[in-house]
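Note that the protein sequences, when read in sequence, are chains D and A.
Residues in the first sequence are numbered from 7 upward in steps of one, following the working numbering.
Residues in the second sequence are numbered from 13 upward in steps of one, following the working numbering.
Ideal placement from N, C-alpha and C gives every residue a C-beta, glycine not left out.
In this text, all values refer to a predicted model and were calculated from it rather than measured experimentally.
To start, the structure itself, in structure tokens.
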Amino acid sequence: MRLLLVGTSHRLSPLEVRERVALDHDGEAALARRIGEGGEAVCLSTCNRTELYLAAADTDAAGERATAALADLGGIPRGELEPYLYRLEQDAAATHLFRVAAGLDSLVPGEGEIQGQVRSAYERGAVGPLLDRLFRHALHTGKRVRTETAIGESPASVASAAAALAAQVFGDLAGRRILVIGAGKIGDLAARNLVGRGAQLLFVANRTVDRATSLAERFGATALPLDTVEQELAGTDIVVSSTSARGQILSADQVRRALPKRKGRPLLLVDLAVPRDLDPAIKELPGCFLYDIDDLQSVVEETLSGRRGEAIRAEAIVAAEGDRFSEWLGSRDIVPAISSLRERAEAIRRGELAKASPRLAGLSEPERNAVESLTNQIVNKLLHQPIMRLKEAGVGEEGERRAPQSRLEG
Amino acid sequence: MAELLVWPALLAYGEAAFAYAGNARNPGLYGRLATWGVRLGWLAQTALLVVQATRADGFPWSTWAGSLNLFVWLVVSAYLIWGCSPRFRLLGLGVMPLAAALLAISYAAGGTEGAGGAAWGDVVLVLHIGLILVSFAGFTVAGGLAALELWQERVLKSHPAGLLRQRMPSLVALDRLTVGTVGVSLAALTAGIIPGLARLPDRGLDVLVAGTLVLWALGASVLYLRVRAGRRELAAALALGGVAAVIVLQLGLLFAHVA
Chain D
7 MRLLLVGTSH
17 RLSPLEVRER
27 VALDHDGEAA
37 LARRIGEGGE
47 AVCLSTCNRT
57 ELYLAAADTD
67 AAGERATAAL
77 ADLGGIPRGE
87 LEPYLYRLEQ
97 DAAATHLFRV
107 AAGLDSLVPG
117 EGEIQGQVRS
127 AYERGAVGPL
137 LDRLFRHALH
147 TGKRVRTETA
157 IGESPASVAS
167 AAAALAAQVF
177 GDLAGRRILV
187 IGAGKIGDLA
197 ARNLVGRGAQ
207 LLFVANRTVD
217 RATSLAERFG
227 ATALPLDTVE
237 QELAGTDIVV
247 SSTSARGQIL
257 SADQVRRALP
267 KRKGRPLLLV
277 DLAVPRDLDP
287 AIKELPGCFL
297 YDIDDLQSVV
307 EETLSGRRGE
317 AIRAEAIVAA
327 EGDRFSEWLG
337 SRDIVPAISS
347 LRERAEAIRR
357 GELAKASPRL
367 AGLSEPERNA
377 VESLTNQIVN
387 KLLHQPIMRL
397 KEAGVGEEGE
407 RRAPQSRLEG
Chain A
13 MAELLVWPAL
23 LAYGEAAFAY
33 AGNARNPGLY
43 GRLATWGVRL
53 GWLAQTALLV
63 VQATRADGFP
73 WSTWAGSLNL
83 FVWLVVSAYL
93 IWGCSPRFRL
103 LGLGVMPLAA
113 ALLAISYAAG
123 GTEGAGGAAW
133 GDVVLVLHIG
143 LILVSFAGFT
153 VAGGLAALEL
163 WQERVLKSHP
173 AGLLRQRMPS
183 LVALDRLTVG
193 TVGVSLAALT
203 AGIIPGLARL
213 PDRGLDVLVA
223 GTLVLWALGA
233 SVLYLRVRAG
243 RRELAAALAL
253 GGVAAVIVLQ
263 LGLLFAHVA
């Protein structure tokens with residue numbers, strides 16, 4: 007069985023093509039079963055890629071099946087689709103998946119969602135010994151990259167930067183209370199990021215309370231009019247503001263008045279509005295940490311450049327894991343050759359023992375056992391070196407691996 | 013035997029100190045080397061203390077140099093509780109050079125030998141010294157944590173673009189740990205002062221006793237400011253001052269020893 011990958015990604019195809027061959031979870035599972043034809047197949051489909059991993063004896067036929075399946079799926083003539091497809095085999099396919107799982111093939115290097123998407127595809131796929139090992143190894147590689155490098159730690163958007171900042175101030179965000187000022191998309195996105203880390207959205211304040219209500223209801227929060235914000239500051243840990251108001255929504259004096267009731271607890275204020283909603287003087291108040299859109303943007307730019315630096319270290323990990331998988335693939339190739347060699351030697355041993363049996367008839371049971379054991383040991387010692395050579399050949403170059411028997415014979 | 017254990021402890025602490033410095037510039041392997049240095053050094057020093065305790069005919073850490081040895085062990089023990097986590101490695105940069113230097117001083121002054129000072133039977137004195145040293149170690153670590161907290165506060169206020177690349181404990185975690193450590197240290201100091209009071213009529217109120225009381229007042233102020241008054245930054249600054257008080261007290265002990 008050989009490993010084959012056929013797919014397309016943001017590196018090769020435009021969105022118009024990717025969206026036509028994209029699949030949901032059920033679609034992934036159904037396609038994997040269909041192209042696997044009772045064998046092994048996994049379909050990985052995300053917004054940036056659709057990839058089919060197959061284990062097949064005949065990779066040409068399997069490649070044809072995979073290409074045809076993708077063309078059918080997208081309703082795209084095969085000739086038009088093929089320029090957007092890549093096809094990788096064996097080690098190259100494995101290393102590609104390792105890079106994908108590590109987030110190195112993503113638009114934003116190190117993005118964390120891909121690990122879950124690879125796991126989900128693996129769980130829904132038709133996996134056998136080869137793809138099971140491949141995907142488990144890929145998930146291990148992704149985890150190693152995230153543990154040993156800082157590639158996944160830095161935020162890639164202003165909203166996620168706000169959430170990361172909150173974690174820098176509060177640590178675990180579980181139970182931290184959020185007040186969102188403004189019911190627009192940006193506030194919604196920032197709130198989602200914070201809630202995703204365990205914080206609790208308590209209040210949504212807006213000039214129009216009706217608009218605040220729809221956002222508040224989605225998070226189980228309370229809608230407030232803007233003029234009541236000051237009263238809620240004492241019990242809030244994080245304030246996110248993103249209105250389109252022309253003037254300030256919250257002054258430094260309003261925040262100062264709330265401080266005594268906070269008993270020294272830090273207050274993080276994130277101003278995502280332009281023009282700014284929050285008085286810049288707030289940042290001078292003790293225990294208050296005010297960040298505006300420029301602060302967050304510079305954090306994102308810096309961390310993205312940091313991610314690119316960490317990607318170099320991550321590539322080294324992926325390469326090492328690729329080598330390990332390649333060794334395993336190699337050892338897998340030579341198992342049949344070793345088995346056949348052992349069977350042949352055993353047949354010769356038994357044949358010779360059978361020929362000699364008339365001369366051994368007078369031996370007692372313990373003496374027969376001793377002869378049996380002796381011949382076994384001779385065969386094992388004779389086979390030891392050829393088997394070691396086979397194993398060495400198996401983990402060598404690709405060309406050598408394909409013909410271990412011929413190398414022995416040569 | 014003690015000689016054989018001092019050098020591994022010193023070497024491991026020294027290695028940890030250098031590795032922490034390396035880790036500050038290039039995190040990763042240096043951090044792991046530092047962690048192993050702390051662990052191995054602590055094990056060697058623990059073995060050293062056990063050997064001292066079994067060989068000495070009295071409480072071996074009642075002398076100034078001996079108490080310094082025990083103090084270093086207590087500081088490293090307290091640091092070990094969180095110090096091996098990557099986010100607290102910056103604290104190691106302060107703690108481990110200090111530990112290596114103080115252990116070297118203790119060794120040079122004979123604090124790692126098995127000579128006994130006070131008799132084990134003098135439970136009051138043993139308790140007094142033990143608890144005071146526990147509190148000194150606690151105040152030292154609390155001071156380190158407070159320094160990290162104030163630094164983290166400054167970083168968060170100044171909005172550097174690379175803010176999120178610094179792997180530091182969160183401000184709230186540092187605040188909680190500082191206050192908790194000061195609380196434990198203050199309890200140990202209070203418990204240590206009580207047996208000492210029994211000796212006060214003989215000894216009289218000297219500079220060391222006054223210094224110890226100042227340290228107690230400092231610890232109590234930190235707790236009051238943080239828990240009752242909500243003055244987090246001021247409390248952290250005072251906790252940092254606790255380290256200065258411990259240093260002054262240790263120097264006072266040295267002068268008393270020399271005198």
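Residues that DSSP places opposite residue i in a beta bridge
| i | result |
| --- | --- |
| E95/D | L10/D |
| C53/D | DSSP lists no partner for C53/D. |
| V48/D | Y59/D |
| S247/D | I187/D and D277/D |
| S15/D | R55/D |
| L61/A | Per DSSP, none; premise fails for L61/A. |
| L284/D | L256/D |
| F141/D | None; F141/D has no bridge partner. |
Per-residue contacts from residue i into chain A (C-beta, under 8 Å)
| i | result |
| --- | --- |
| G158/D | Correct list: empty, because the minimum Cβ distance to chain A is about 12 Å. |
| D301/D | H171 |
Cβ of residue i within 9 Å of any chain D Cβ
| i | result |
| --- | --- |
| A200/A | no |
| V258/A | no |
| A29/A | no |
| L168/A | yes |
| P39/A | yes |
| A241/A | yes |
| P181/A | yes |
| G253/A | no |
| Q64/A | no |
| Q164/A | yes |
Enclosing alpha helix (DSSP H) for residue i [first to last residue]
| i | result |
| --- | --- |
| A24/A | A14 to R37 |
| Y119/A | R101 to A120 |
| L37/D | H31 to G42 |
| L235/A | V219 to L235 |
| P207/A | L183 to L209 |
| Q178/A | Careful: Q178/A lies outside any alpha helix (DSSP H) and carries neither H nor E. |
| Y128/D | E119 to R130 |
| T152/A | V135 to S170 |
| A173/D | V164 to F176 |
Residues that residue i contacts on chain D, provided the C-beta gap is smaller than 7 Å
| i | result |
| --- | --- |
| V184/A | V175, F176, G177 and P272 |
| G104/A | Result: empty, since nearest Cβ-Cβ is about 19 Å, beyond 7 Å. |
| E245/A | P292 |
Contacts of residue i in chain D (Cβ-Cβ under 8 Å)
| i | result |
| --- | --- |
| R238/A | G270 |
Cutoff 9 Å: residue i Cβ touching any chain A Cβ
| i | result |
| --- | --- |
| D32/D | no |
| P20/D | no |
| A321/D | What sits at residue 321/D in the sequence shown is Glu, not Ala. Not one chain A Cβ lies under 9 Å of E321/D. |
| E403/D | Its pLDDT being 43, under 50, E403/D is placed unreliably in this model, and the coordinates cannot settle the point. |
| K149/D | no |
| R407/D | Interpretation of R407/D is limited by its pLDDT of 41, a score under 50 that renders its predicted location unreliable; the figure taken from the coordinates is listed afterwards. So no, R407/D is outside the interface. |
| F104/D | no |
| A165/D | no |
| P266/D | yes |
| A170/D | yes |
| K397/D | no |
| K289/D | yes |
| F141/D | no |
| Y128/D | no |
9 Å Cβ cut-off: residues of chain A touching residue i
| i | result |
| --- | --- |
| V133/D | Within chain A, no residue comes near V133/D; the closest Cβ sits about 34 Å away, beyond 9 Å. |
| V305/D | H171, P172, A173, G174, L175 and L176 |
Residue i beta carbon near the ligand ZN (any heavy atom closer than 8 Å)
| i | result |
| --- | --- |
| A211/D | Summarising the ligand content, the structure contains no ligands, and the ligand ZN is consequently not present. |
Span of the beta strand (DSSP E), counted from its first residue to its last, around residue i
| i | result |
| --- | --- |
| S220/D | Careful: S220/D lies outside any beta strand (DSSP E), inside the alpha helix (DSSP H) at V215 to F225. |
| Y297/D | C294 to D298 |
| L208/D | Q206 to N212 |
| L230/D | T228 to P231 |
Within chain D, the residues that residue i reaches when beta carbons sit closer than 9 Å
| i | result |
| --- | --- |
| G122/A | None at all; the shortest Cβ gap to chain D is about 44 Å. |
Residues that residue i contacts on chain A, provided the C-beta gap is smaller than 7 Å
| i | result |
| --- | --- |
| Y297/D | H171 |
With three or more C-beta pairs closer than 8 Å as the rule, is the segment 225-236 of chain D touching the segment 190-208 of chain D?
yes
Should the segment 285-305 of chain D be called in touch with the segment 265-276 of chain D, which here means at least 3 C-beta pairs below 8 Å?
yes
Between the segment 136-145 of chain A and the segment 177-191 of chain A, can you find at least three pairs of beta-carbon atoms closer than 8 Å?
no
Could you say if the segment 88-108 of chain D and the segment 140-155 of chain D meet the contact criterion of at least three C-beta pairs nearer than 8 Å?
yes
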